[in-house]
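The structure under discussion appears below in the form of structure tokens.
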Amino acid sequence: MGKIGFTGNLGGHVWRGNGRTENTRENIFLGDTLYLYQSGRSSNLGGGMFAQGAIDYDVTEKDNLSFSVRIPVGLFSNSMDMTTKSGFIGSELPFSFRRESDNLNRNLGADLTLDYKHTFSKESDKEFSASAQYSLNNRVSRYLADQFDINNILNFRENGPNLSVNKELIFAADYLHPIKKDFNFEIGAKSILRNVTSDIFYDTLNLESNEFQRDLRRDNFFEYIQNVGAGYAQLTFPIFKNLSGRTGVRYEHTFINGLVEDGNDFKNDYGTFVPNVLISYKISSATSIKGSYTRRIQRPGMFFLNPYVNFNDPTNISYGNPELLPELTESFEISGGYSKNYNSLNVNLYHKTTNDQIDNYRFVDTLGITNATYNNLATGYVTGLSVNGGIMKLGKIIINSTMNLFYQKIESERFTGVKNDAINFNMNGFANFNITPTWSITLFGFYQAPKLTTQGRQATWFVYNIGARKELWKKKGAISFGLDNPFHRWMQINSRFESPEFSFVSDNKVEGWGIRAGVEYRFGKMEFGAPQKKKRKNSLNDDLKQGDGDGAGSGMGGGR
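Here the sequence shown is numbered in my numbering, starting from 72 and rising by one per residue.
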């Protein structure tokens, strides 16, 4: 008789932060240099909630069904006050305008996942699995901007909503067949159906009639359809004693159809082979060494594709590029690992080449406006060494840390002879101390050196926090609280970009202080039934490159 179990939780968070910014730009325009200086401050408030639940059903000893649903809700608001000065002289720039703006972003989503797994016998790893996932994200972005002259008189007002919907449907199936001991054959297939729409319009205020009027020149409706079909085969096999190998190949074919209201429709389809090879040598029960080659494809997510133009600062506009191609990364790695009694050390030497790299890109148009968007006109090279280690002492102390040191080079096919390179690094550390059976203290820190682009580098940033946790209700729930960056009220985040057309320097200060608090309660039990509760090895949609928050020119303020 089958067994069924339920689990679920509910959570949420709220945060706020203030910022200060100074932007300096030099635009080379029609043989002259236009200087712009901007200064301002911002206030941010955000938060969200999520509810999720799952049902797990052992139909028989060999068959398992599971269904999960997750519903996230997010809200983010940003208010800015920015003064802009500009002119064709390098000092004492005349006042141009001051702009106050309010931005509101709302996200409502849903993720539904159904998994089926069949194991053929307890003595064998032979199994078949199938999954289906449907995701929906409804995003509404609105901004209202007021512009004032030197006498603080309103001379322009604009309202610019963007309504976007992202839908994704994924089907996947995998079959693992053991041929003999340590000799396995695996095949599988996956299809991804994506549909993204973006409804863009702008309204400006007629100061005489005090009524908003639609700016039809900037109206646009965009629909992006992406369908992917993929199949793979993989073989794991022994070579000699303690030496084993794995090789496989995946073929993907992508069909893209872009429908744009202004008539600039586009189509594209392409096939991609994604091979992988791994050799592993087991030195002892605790130590091993591996060498591998892999190819990975990452398609641009909505953050990079949406053509919605952010006119919040019309001297520095930003928008996505719906015609972006996917990134294709070739990776060569040699790694060694030690693991014993929950203590571990891993060392990884790697080299990666990324073709058609999705890169931040800025240019000055014929109106002297700096445009910030994304392109595929760069190739990235990374060679580095990463070290990760962890210590666990009788379950009371857990320490883990990672250090990544690498040389990075980016070359552009658009700008002849233009490249950017640097030695870079990032590091993080985590520690957990169980003071009593129900009380624990955690420490965490992360540091990221500046991120390179073809035209410059983007901000260094770091975060560290200390927290405490109290287990309640026989460890079915807990309360937790913590402090973020307690010794850094303000964090300096600076960026620099330059080309033959312009130079842009942004000096930003953001509030680093933060307070966290949380309450959680877990209900349901799923620790029963057949032993086949293995999770899928890879995320169903891990081919997407998501927005990393650097923003294609997310300047503060602006004017017209």
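For glycine and all other residues, C-beta sits at the position ideal for the given N, C-alpha and C. None of the values given here were measured: they were computed from a predicted structure.
### Query
Can you tell me whether DSSP reads Leu225 as helix, strand or coil?
The residue labelled residue 225 in the question sits at position 154 within the sequence shown. Note: Leu225 maps to strand in three-state DSSP.
### Query
How do the region 422-431 and the region 397-410 stand: do at least 3 beta-carbon pairs fall below 8 Å, yes or no?
yes
#### Entry: Beta bridge counterpart(s) of Gly259 as assigned by DSSP
In the sequence shown, the residue the question calls residue 259 occupies position 188. DSSP output for Gly259 lists Asp245 and Tyr303 as bridge partner(s).
### Three-state class that DSSP yields for Arg593 in the structure shown
Position 522 of the sequence shown, counting from 1, holds the residue named residue 593. It is coil, neither helix nor strand.
### Task
Going by CA-CA distance only, name the one from Val140, Ile221 and Arg593 that's closest to Pro165.
In the sequence shown, residue 165 corresponds to position 94, counting from 1. Here the closest residue by C-alpha is Ile221.
### Query
With 16 as the cutoff for other CB atoms within 10 Å, does Gly90 come out buried or exposed?
Taking the first residue of the sequence shown as position 1, residue 90 is located at position 19. Burial call: buried.
### Task
Could I get the ranges of all uninterrupted beta strand (DSSP E) runs contained in the region 274-322, with 3 residues as the minimum, in chain order?
274-277, 282-285 and 291-311
### DSSP state of Phe168 mapped onto helix, strand, coil
For the purposes of this step, residue 168 is taken as residue 97 along the sequence shown, with counting starting at 1. Looking at Phe168 - three-state DSSP - the assignment turns out to be strand.
### Query
Can you tell me whether DSSP reads Leu207 as helix, strand or coil?
To locate residue 207, count along the sequence shown from 1; it is residue 136. Here Leu207 sits in strand by DSSP.
### Query
Do Leu642 and Leu276 have their CB atoms nearer than 7 Å?
Any question about residue 642 goes unanswered here, given that the chain covers just 72 to 631.
### Task
Please state whether DSSP places Phe199 in a helix, a strand or coil.
Along the sequence shown, read from residue 1 onward, the residue named residue 199 stands at position 128. Under the three-state reduction of DSSP, Phe199 is assigned to strand.
### Task
Could you check how far apart the C-beta atoms of Ile160 and Glu572 are, in whole angstroms? I think they sit under 8 Å.
For the purposes of this step, residue 160 is identified with residue 89 of the sequence shown, where counting begins at 1. For the purposes of this step, residue 572 is identified with residue 501 of the sequence shown, where counting begins at 1. So it is not a contact: roughly 19 Å between Cβ atoms.
#### Entry: For Tyr205, the nearest candidate out of Ser212, Ile250 and Asn237 (CA to CA)
Within the sequence shown, residue 205 is the residue found at index 134, counting from 1. Tyr205 has its Cα closest to that of Asn237, out of Ser212, Ile250 and Asn237.
### the region 224-237 contacting the region 183-192, beta-carbon criterion three pairs below 8 Å
With the cut-off at 8 Å, the region 224-237 and the region 183-192 do not touch.
#### Entry: Segments assigned beta strand (DSSP E), at least 3 residues, entirely inside the region 330-369
337-353
### Message
With distance defined between alpha-carbon atoms, name the residue in Trp510, Glu569 and Lys616 nearest to Arg370.
### Response
Translated into positions along the sequence shown, residue 370 becomes position 299. Of Trp510, Glu569 and Lys616, the residue nearest in Cα terms is Lys616.
### Task
Compute the distance between the beta-carbons of Ser110 and Thr154, then report whether it is under 7 Å.
Within the sequence shown, numbered from 1, the residue matching residue 110 stands at position 39. Within the sequence shown, numbered from 1, the residue matching residue 154 stands at position 83. Yes, these two residues count as a Cβ contact at 7 Å.
### Query
Taking just the CA atoms, how far does Val380 sit from Ser137?
On the sequence shown, residue 137 is found 66 positions in, with the first residue counted as 1. On the sequence shown, residue 380 is found 309 positions in, with the first residue counted as 1. Distance between the alpha carbons of Ser137 and Val380 is about 42 Å.
### Query
Do Ala443 and Arg433 have their C-beta atoms closer together than 7 Å?
Here the question's residue 443 lines up with position 372 in the sequence shown. Here the question's residue 433 lines up with position 362 in the sequence shown. Closer than 7 Å, so yes.
### Message
Using only the alpha-carbon positions, how far apart do Glu332 and Glu294 sit?
### Response
Position 261 of the sequence shown holds residue 332. Position 223 of the sequence shown holds residue 294. Whole-angstrom Cα-Cα distance: 9 Å.
### Query
Do Asp270 and Phe292 have their C-beta atoms closer together than 7 Å?
Taking the first residue of the sequence shown as 1, we reach residue 270 at position 199. Taking the first residue of the sequence shown as 1, we reach residue 292 at position 221. Taking 7 Å as the Cβ cut-off, Asp270 and Phe292 qualify as a contacting pair.
### Message
Taking DSSP's pairing of strands, which residues face His559 in a bridge?
### Response
Counting from one through the sequence shown, the residue named residue 559 turns up at place 488. DSSP lists no partner for His559.
### Query
DSSP state of Phe375, grouped into three classes?
Position 304 of the sequence shown, counting from 1, holds the residue named residue 375. Helix.
### Query
Three-state secondary structure (DSSP) at Gly88?
Translated into positions along the sequence shown, residue 88 becomes position 17. Strand, per DSSP.
### Glu279, buried or exposed, once every other Cβ within 10 Å from all chains shown has been counted against 16
Indexing the sequence shown from 1 puts residue 279 at position 208. Here Glu279 is exposed. Its C-beta has fewer than 16 other C-beta atoms within 10 Å.
### Query
If you count every other CB in all the chains shown that lies within 10 Å of the CB of Lys522, and 16 or more means buried, which is it?
Along the sequence shown, one-based indexing puts residue 522 at 451. The residue is buried, with at least 16 neighbouring Cβ atoms inside 10 Å.
### Task
Return yes when the Cβ of Ile564 is within less than 7 Å of the Cβ of Ala539, no when it is not.
Position 468 of the sequence shown, counted from the start, is the residue given in the question as residue 539. Position 493 of the sequence shown, counted from the start, is the residue given in the question as residue 564. No, the Cβ-Cβ distance between Ala539 and Ile564 is not below 7 Å.
### Query
Taking Asn223 as the reference, which of Leu247, Ile250, Glu257 and Glu171 has the closest Cα?
By 1-based counting over the sequence shown, the position of residue 223 is 152. Checked all of Leu247, Ile250, Glu257 and Glu171; the closest Cα to Asn223 is Glu171.
### Task
Would you tell me roughly how many angstroms separate the C-alpha atoms of His189 and Ser195, rounded to the nearest one?
Within the sequence shown, the letter at position 118 stands for residue 189. Within the sequence shown, the letter at position 124 stands for residue 195. If I take the Cα positions, the gap works out to 12 Å.
### Message
My assumption, with CB atoms under 8 Å, is that Thr525 sits in contact with Asn495. Please give the rounded CB distance.
### Response
Locating residue 525 in the sequence shown gives position 454, where the first residue counts as 1. Locating residue 495 in the sequence shown gives position 424, where the first residue counts as 1. Incorrect: roughly 15 Å between the Cβ atoms, too far for contact.
### Query
Using the rule of at least 16 other Cβ atoms within 10 Å of the residue's Cβ for burial, across every protein chain shown, is Ser356 buried or exposed?
Locating residue 356 in the sequence shown gives position 285, counting from the first residue. Looking at its Cβ environment, which holds fewer than 16 other Cβ atoms inside 10 Å, Ser356 is exposed.
### Task
Apply the 10 Å Cβ neighbour rule to Pro397 and answer buried if 16 or more other Cβ atoms are within range, or exposed otherwise.
Along the sequence shown, one-based indexing puts residue 397 at 326. Under this definition Pro397 is a buried residue.
### Query
Since Ala304 and Gly316 are thought to touch, with beta carbons under 8 Å apart, how far apart are those beta carbons, to the nearest angstrom?
For the purposes of this step, residue 304 is taken as residue 233 along the sequence shown, with counting starting at 1. For the purposes of this step, residue 316 is taken as residue 245 along the sequence shown, with counting starting at 1. Between Ala304 and Gly316 a beta carbon distance of about 15 Å is seen, past the 8 Å cut, so the two are scored as non-contacting.
### Task
Report the three-state DSSP secondary structure of Tyr214 (helix, strand or coil).
Position 143 of the sequence shown, counting from 1, holds the residue named residue 214. Residue state, collapsed to three classes: strand.
### Query
Roughly how many whole angstroms lie between the Cα atoms of Asp340 and Gln297?
Residue numbering aside, residue 340 sits at position 269 when the sequence shown is read from its first letter. Residue numbering aside, residue 297 sits at position 226 when the sequence shown is read from its first letter. In a straight line, the C-alpha of Asp340 is about 9 Å away from that of Gln297.
#### Entry: Boundaries of the beta strand (DSSP E) in which Ile537 is found, first to last residue
Counting from one through the sequence shown, the residue named residue 537 turns up at place 466. In the DSSP assignment, Ile537 falls within the beta strand (DSSP E) that extends over Trp532 to Leu543.
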